[in-house]
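See structure below.
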Amino acid sequence: MLRLITYLLQQGVATAKNICPDLAEGVRGLPMLTDAPCQSGCSACVDVCPTDAISVFKIEDNNHVRLDLGACIGCGYCVDVCPTGTIKNNPTTRVAVRTREELILTTSSTKTEDSTKTEDSTKTEDRTKAGADTKTGADAQVEAANKEIMAQLRQGRQGAKFPVADSLKDAHWFGRSVAARVVSTGCSACDMELGAAGNPIFDIERFGVHIVASPRFADALIITGPVSKGMKEALVSCYGAMSSPRVVVALGTCAISGGVHKGGYAEANGVENILPVNVYIPGCPPHPWSIIHGMLLAMGKEHLAPAPAPAKLKLAAATTTQTQEKRLKIETQNKDEKLS
Amino acid sequence: MKLERSQIPFHELQERLNQALSKTSEKRVGLLTSITGGELATLILSPKDGTAELMLTPIENNKFPSFSTRHAQFHWFERALFDFFGIVPEGHPRFKHLLLHEQYAQDFFPLRKIDLPADFKNHLARRYEYLEVKGEGVYELPVGPIHAGVIEPGHFRFSCFGETIVNLEIRLGWVHRGVEKRLTEVPWQKAHFVAEAAASDTALANAFAHAIAIESILDLEITERAQYLRTIALEIERLAVHIIDVGGIGTDIGLLGISSAMGRLRGKALGLADLLSGSRFLRGFIFPGGVRPVSERKLSEIKAEVIALRKDLTPVIQILSDNQMATERMKDIGKLSNSLAHEFGVVGIIGKACGIDCDTRQQFKQGKYPELAPPATIVSGGDILARTAVRIGEIWSSIETIAKLVDTCPHGEEKVAVPEKLPANATGLGIVEATRGELIHLIFTDEDGKISRYAIKDPSFDNWTAISIAIRDNLIADFPLCNKSMALSYSGNDL
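Protein sequences appear in the order of chains A and B. Under this note's numbering, the letters of the first sequence match residues 1 to 340, in that order. Under this note's numbering, the letters of the second sequence match residues 1 to 495, in that order.
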């Protein structure tokens, strides 16, 4: 035992100081859409996508890409085949969001038009003439198309037994600590990454997140996996045993949309059809940093993981700690004021 | 490997099984399933020469006399046959549903392709009845499906007398997602993603077995470099899982320093996976035809990292093995005898810890194995200590193997062109030694060259019963440690 303690002391502190840094070069994250215009008539990304997360649609002869990160398993094939660089690898680990809609990315019509102008100079005249009108027209069309998708998504949610009652407005209750119950219904990759988030390197507990063994003393319900028929009842009774306010975190692509299992006879189509979801963490599986980001979001503490400066990571680390210090100062000031 | 579908009548199948499963036989049974619901498909493996035989046996009236009465190994296979195909194994000693629960309709058999006979009566209720142990002072302890920690769901029904476990019945199927059916629905070029999702700590081994099976159907030779890289990836996956499982033993004994150190070191093993494939779980690395490209620089980094990892692991594992408290906690607990392990067809870590030579890396073609396979770690004892010893042995042999393969990995292309279409009426088999043991993917194509049946046999499917046997007459407090020492997959079993 003495040897173990000596060994541990020798190892020092392993915990990473830089919170939610970008992924190292060559490591696959989720894809993202860039300003580069999509090549007309190309559907290479749609053809290779294993989960139909990508669709291509046309507005005024311009190809547009819609990417549903909630269905994406991060295989990176679309990035490999995209000839124009419209779809790129996104190295960020800060991928969690509060609404399903935020996971759906669309190439902006305005940007596409701007870039087409520079590329295709013969048509410039026409375009400048039509100018503002076309832009708003195209924008409206993109918006309409997006709305349709959202409506479809919402339709899927109608089967939910619980109304969306516990909103994240209550998140401030969990600002200091959140007790989380984990219900696993999938392939265990997300569980293992959640376990990794608790290891000395990521140390999710330092943010006030701890995993508890009963729903009775849990504030947050973290669900991994697509919730197939077999687990539905157990999941609903677990949620029912939690007291309000409570938040539901859908961890991983399967939990969000069913992923590769969607639409099968086991009805493994994600959490949304069963429970109202407050935080979505996409990825297959999400990186431990992404899980931490999602839990910070659930606690309303996402300011602890600000976006690093794009070019120089080291500089970003410095600013992160600086802003943190500033925030801490402000917080303590506020407290003092309140006390006085 | 490519298989011929040989048709044999039922009585001959019975004879072949009796031969293959006799004590002196050098063969063993890989799996028992069906293709359409009108026949039995039995896979018999010959580990000695690395071959396999597939036998198709038509059945009459949708039923056959159960093999389980004579060969205990089949008891879950036959229950799964009824769940998915509606085929009745008559005389099965504990006949009930295995993976499909009460939520499914009474006559729902998802993989059945032919009509049920007109006079078919399904007498088995969906409602699950647990085996009840009666007697004064005997009580039941239900655990799950949702467990206390972060782990997959399963239900354990303990019948206890005082602190002693008299019987443990395990009910699984909570995470049944319909993977086998889904694999026949997606275009075969995209099927490897679904195969990976069968069980994600075995993602690479699943993709590997899938690729071997598809390539054998296509008669496709992949490049030497791809073979090396696949083998390296397989060992990286094994290394990462073994490290965390040995750490888990530390958690359950109460040596939290070991588990935190192992958790950190597993991160380094996952870093190797990141270097090789860009994914911590090696997702999307292997596909039919080859692997993703890997640069020479990354390979040399992997070499350096794996050597550093060996240096980091040495003191932690030494501290665990030297700790007398840990050793005594593991000794003679959760013991499985060699003969019962044989009888139930136990594979992988648990088999190796019972002195059974079941390391398929030595037996079947997979990547650069069996040519460059490390010596199998076979330990006798069958208890938790023996299983931990196997894991530790495999950690060292995996590190050696990775270092050796990186050194000798040839240059060249990583992938070859793959035909658009699969040949008709072909059968492909992929056997891979996953972390937990023998993983089998068996693929059948129909007359249009589409995948008509995709069967996966995860090593956990053979091994779950081993926990029930090993924990009998042990204390309830020993169960978590015993369970951890086996560390079986729920999702791989449930599919």
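Each residue gets a CB set at the ideal place from its N, CA and C atoms; glycine is no exception.
When you compare the segment 78–85 of chain B with the segment 31–50 of chain B, are there three or more beta-carbon pairs, one atom per stretch, that lie closer than 8 angstroms?
yes
Taking the alpha carbon of B:Glu288 as the reference point, which residue from B:Thr223, B:Ile232, B:Ile467, B:Val379 has its own alpha carbon closest?
Taking the first residue of the second sequence as position 1, residue 288 of chain B is located at position 288. The amino acid at residue 288 of chain B is misidentified as Glu; the sequence shows Pro. B:Pro288 has its Cα closest to that of B:Thr223, out of B:Thr223, B:Ile232, B:Ile467, B:Val379.
If B:Gly428 and B:Ile217 are in contact, beta carbons under 8 angstroms, what's the gap, nearest whole angstrom?
By 1-based counting over the second sequence, the position of residue 428 of chain B is 428. By 1-based counting over the second sequence, the position of residue 217 of chain B is 217. Confirmed, about 4 angstroms.
Check the DSSP bridge columns for B:His441 and list the partner residues they point to.
Counting from one through the second sequence, the residue named residue 441 of chain B turns up at place 441. B:Gly430, B:Ile456, per the DSSP bridge assignment.
Assuming B:Ser6 and B:Leu54 are in contact, meaning their beta carbons sit under 8 angstroms apart, how far apart are those beta carbons, in whole angstroms?
Locating residue 6 of chain B in the second sequence gives position 6, counting from the first residue. Locating residue 54 of chain B in the second sequence gives position 54, counting from the first residue. At roughly 7 angstroms, the Cβ-Cβ gap stays under 8 angstroms, so B:Ser6 and B:Leu54 are in contact.
Distance between B:Ile443 and B:Lys421 (C-alpha atoms, nearest Å):
Position 421 of the second sequence, counting from 1, holds the residue named residue 421 of chain B. Position 443 of the second sequence, counting from 1, holds the residue named residue 443 of chain B. Approximately 14 angstroms between the Cα atoms of the pair.
Near B:Gly173, which residues of its chain fall below 7 angstroms by C-beta distance, leaving aside the five closest residues on each side in sequence?
One-based indexing of the second sequence puts residue 173 of chain B at position 173. So the qualifying residues of the chain are Leu98, Leu99, Leu100, His101, Asp494.
For A:Asn199, decide whether its Cβ has a neighbour in chain B, counting only Cβ atoms nearer than 8 angstroms.
In the first sequence, counting from the first residue as 1, residue 199 of chain A sits at position 199. Yes, A:Asn199 counts as interfacial toward chain B.
Sort out for me which residues DSSP pairs A:Lys58 with in a bridge.
As a first step, residue 58 of chain A must be located in the first sequence, where it is residue number 58. DSSP, once it has assigned bridges, lists A:Asn63 as partnering A:Lys58.
Of all the CB atoms in chain B, is at least one closer than 8 angstroms to the CB of A:Ala241?
As a working note, residue 241 of chain A is residue 241 in the first sequence. Chain B, which has no Cβ nearer than 8 angstroms to the Cβ of A:Ala241, makes this no.
Can you tell me whether B:Ala403 is helix, strand or coil according to DSSP?
Locating residue 403 of chain B in the second sequence gives position 403, where the first residue counts as 1. DSSP places B:Ala403 in helix when its eight states are reduced to three.
C-alpha distance - B:Phe95 paired with B:Arg79, whole-angstrom precision
If you number the second sequence from 1, residue 95 of chain B lands on position 95. If you number the second sequence from 1, residue 79 of chain B lands on position 79. Roughly 7 angstroms separates the two Cα atoms.
Where A:Thr107 and A:Leu8 are concerned, what is the direct C-alpha to C-alpha distance, given to the nearest angstrom?
Here residue 107 of chain A corresponds to residue number 107 of the first sequence, with the count starting at 1. Here residue 8 of chain A corresponds to residue number 8 of the first sequence, with the count starting at 1. Roughly 50 angstroms separates the two Cα atoms.
Minimum Cβ-Cβ distance from A:Pro285 to chain B less than 8 angstroms
By one-based count along the first sequence, residue 285 of chain A stands at place 285. Output row for A:Pro285: interface = yes.
Check for me: the beta strand (DSSP E) holding B:Ser159 runs from which residue to which?
Locating residue 159 of chain B in the second sequence gives position 159, counting from the first residue. Unbroken beta strand (DSSP E) run through B:Ser159: 155–161.
What does the alpha-carbon distance come out to for the pair B:Ala353 and B:Ala386?
On the second sequence, position 353 is the one that residue 353 of chain B refers to. On the second sequence, position 386 is the one that residue 386 of chain B refers to. Roughly 5 angstroms separates the two Cα atoms.
Counting along the chain, where does the alpha helix (DSSP H) carrying B:Gly492 start and finish?
For the purposes of this step, residue 492 of chain B is identified with residue 492 of the second sequence, where counting begins at 1. It spans 491–494 - the alpha helix (DSSP H) in which B:Gly492 sits, taken as one unbroken run.
Ignore the nearest five residues each way along the sequence and tell me which others in A:Met295's own chain have a CB closer than 6 angstroms to its CB.
Position 295 of the first sequence, counted from the start, is the residue given in the question as residue 295 of chain A. These residues qualify, in order along the chain: Val209.
B:Ser468 versus B:Ala213: straight-line alpha-carbon distance, rounded
The residue labelled residue 468 of chain B in the question sits at position 468 within the second sequence. The residue labelled residue 213 of chain B in the question sits at position 213 within the second sequence. For B:Ser468 and B:Ala213, the distance between alpha carbons rounds to 32 angstroms.
Return the residues of the segment 164–198 of chain B that lie within a Cβ-Cβ distance of less than 8 angstroms from chain A, sorted by chain order.
Gly173, Trp174, Val175, His176, Arg177, Gly178, Val179, Lys181, Arg182, Glu185, Val186, Lys190, Phe193, Val194, Ala197, Ala198
Euclidean distance between Cα positions of B:Ile44 and B:Ala20
Sequence index remark: in the second sequence, residue 44 of chain B carries index 44 (1-based). Sequence index remark: in the second sequence, residue 20 of chain B carries index 20 (1-based). The straight-line gap from Cα to Cα measures roughly 7 angstroms.
Run the CB neighbour count on B:Ala477, radius 10 Å, all protein chains shown included, and call it buried at 16 or more, exposed below.
Numbered from its first residue, the second sequence carries residue 477 of chain B at position 477. With fewer than 16 other Cβ atoms within 10 Å, it is exposed.
Check whether the segment 337–357 of chain B and the segment 457–464 of chain B touch, using three or more Cβ-Cβ pairs below 8 angstroms as the test.
yes
Per DSSP, the bridge partner or partners of B:Leu31:
Working through the second sequence from its first residue, we reach residue 31 of chain B at position 31. Its beta-bridge partners are B:Leu43.
With a threshold of 8 angstroms between beta-carbons, can A:Arg246 be considered close to chain B, or not?
One-based indexing of the first sequence puts residue 246 of chain A at position 246. No, because no Cβ of chain B sits closer than 8 angstroms to the Cβ of A:Arg246.
CA-CA distance, B:His92 and B:Arg70?
Taking the second sequence and counting its residues from 1, the one referred to as residue 92 of chain B is at position 92. Taking the second sequence and counting its residues from 1, the one referred to as residue 70 of chain B is at position 70. Their backbone Cα atoms lie some 10 angstroms apart in a straight line.
Neighbourhood of B:Arg361 by C-beta, 8 angstroms cutoff - its chain only, sequence neighbours within 5 removed
Here residue 361 of chain B corresponds to residue number 361 of the second sequence, with the count starting at 1. Only Tyr369, Pro370, Ala373, Pro374, Ala376, Glu433 meet the Cβ criterion.
In angstroms with no decimal places, state the Cα-to-Cα distance between A:His287 and B:Ser277.
For this step, residue 287 of chain A is matched to residue 287 along the first sequence. For this step, residue 277 of chain B is matched to residue 277 along the second sequence. So the alpha carbons of these two residues sit roughly 15 angstroms apart.
Counting C-beta neighbours from all protein chains within 10 Å, is the total for B:Pro419 16 or more, i.e. buried, or is it exposed?
Position 419 of the second sequence holds residue 419 of chain B. By the 10 Å Cβ count, B:Pro419 comes out exposed.
DSSP on A:Tyr7, reduced to helix/strand/coil?
To locate residue 7 of chain A, count along the first sequence from 1; it is residue 7. Correct three-state label for A:Tyr7: helix.
Comparing C-alpha positions only, which one of B:Ala273, B:Pro187, B:Gly250 sits nearest to B:Leu229?
Counting from 1 along the second sequence, the entry for residue 229 of chain B is found at position 229. Closest option to B:Leu229, Cα to Cα, is B:Ala273.
Can you check whether the C-beta of B:Arg283 is within less than 8 angstroms of a C-beta belonging to chain A?
The residue labelled residue 283 of chain B in the question sits at position 283 within the second sequence. True, the Cβ-Cβ gap to chain A drops below 8 angstroms.
Where are the alpha helix (DSSP H) runs, 4 residues long or more, that stay fully inside the segment 75–161 of chain B, in chain order?
75–85
Which of the residues in the segment 426–447 of chain B, read from start to end, lie with their CB under 8 angstroms from any CB of chain A?
none
Tell me which residues of the segment 54–77 of chain A have at least one Cβ-Cβ distance to chain B shorter than 8 angstroms, keeping chain order.
Ile73, Gly74, Cys75, Gly76, Tyr77
Find the nearest neighbour of B:Ile317 within the set B:Gln363, B:Glu394, B:Ile333, B:Arg297, judged by alpha-carbon distance.
One-based indexing of the second sequence puts residue 317 of chain B at position 317. When only C-alpha atoms are compared, the closest one is B:Glu394.
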